[in-house]
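A.B. asks: My structure is below; once you've seen it, I'll send some questions.
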Amino acid sequence: MKHGIQNSLAGMIWQQIRTQDQFKTNQTVYGCKKMCQIDSMLIGRYYNQKYWIFQNSNQKYKLDHTQTENTGWLKSRLKYRYKSQIYVTFVEMIDLIQEEGEVRMNARTQAIRLQNVKGFQNLERQISQLAKSKKIFDAFLLEIQKVLAEFIFSSLN
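Residue numbers for the sequence shown follow our numbering, beginning at 177 and rising by one.
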């Protein structure tokens, strides 16, 4: 009888640990897919300026694996992915999307207005008029914000 209770308790604890690990794996896989989607959008628009967007890939860093909230997880990874001006813009976007909420964000037809867009303004000055005419900056920004919102408001369990 005693061993049955111990085994049952051990099984419950193991299930909780496995669920937590599965959440971290799902969060990592889904989060990385969304970050790659954003990277593709940035490279598609700013291909010749990509060196002004991304950090050096050979840089060594240690990620914070304790973040379980999607916004914290995203911020800790973007910090080492993008240069500081772009990173600051992304942090502002993430915070404003979080404040906006899922329902209002899904209903949005215009990008959330940002204060820190200097990094993007510098990039916009350098791209061709053809690229600007294909997609205006606000529409481009809205697409990025929608992708961020998909991850921020996802429940991965």
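A virtual CB, placed ideally from N, CA and C, is assigned to each residue, including glycine.
1) Which residue marks the beginning of the alpha helix (DSSP H) containing Y272, and which one marks its end?
2) May I have the straight-line CA-CA distance separating V264 from N292, to the nearest angstrom?
3) What did DSSP end up calling F329 once you bin it into helix, strand or coil?
4) Give the C-beta separation of Q235 and R257 to the nearest angstrom, bearing in mind that I take them to be a contact with Cβ-Cβ under 8 Å.
5) Within a Cβ cutoff of 7 Å, which residues of the same chain sit near I219, ignoring the five residues on either side of it in sequence?
6) Using a threshold of 8 Å, state whether the C-beta atoms of E326 and K251 are closer than that.
7) Buried or exposed: which applies to N246, given that a residue is buried once 16 or more other Cβ atoms fall within 10 Å of its Cβ?
8) Given K310, which residues of its chain have a CB within under 7 Å of its CB, disregarding the five upstream and five downstream residues?
C.D. replies: This is what the structure gives:
1) Before going further, note that residue 272 is Leu rather than Tyr in the sequence given. Element bounds for L272: 260-276.
2) 7 Å
3) coil
4) About 10 Å separates the two Cβ atoms, so there is no contact after all.
5) K226
6) no
7) buried
8) none
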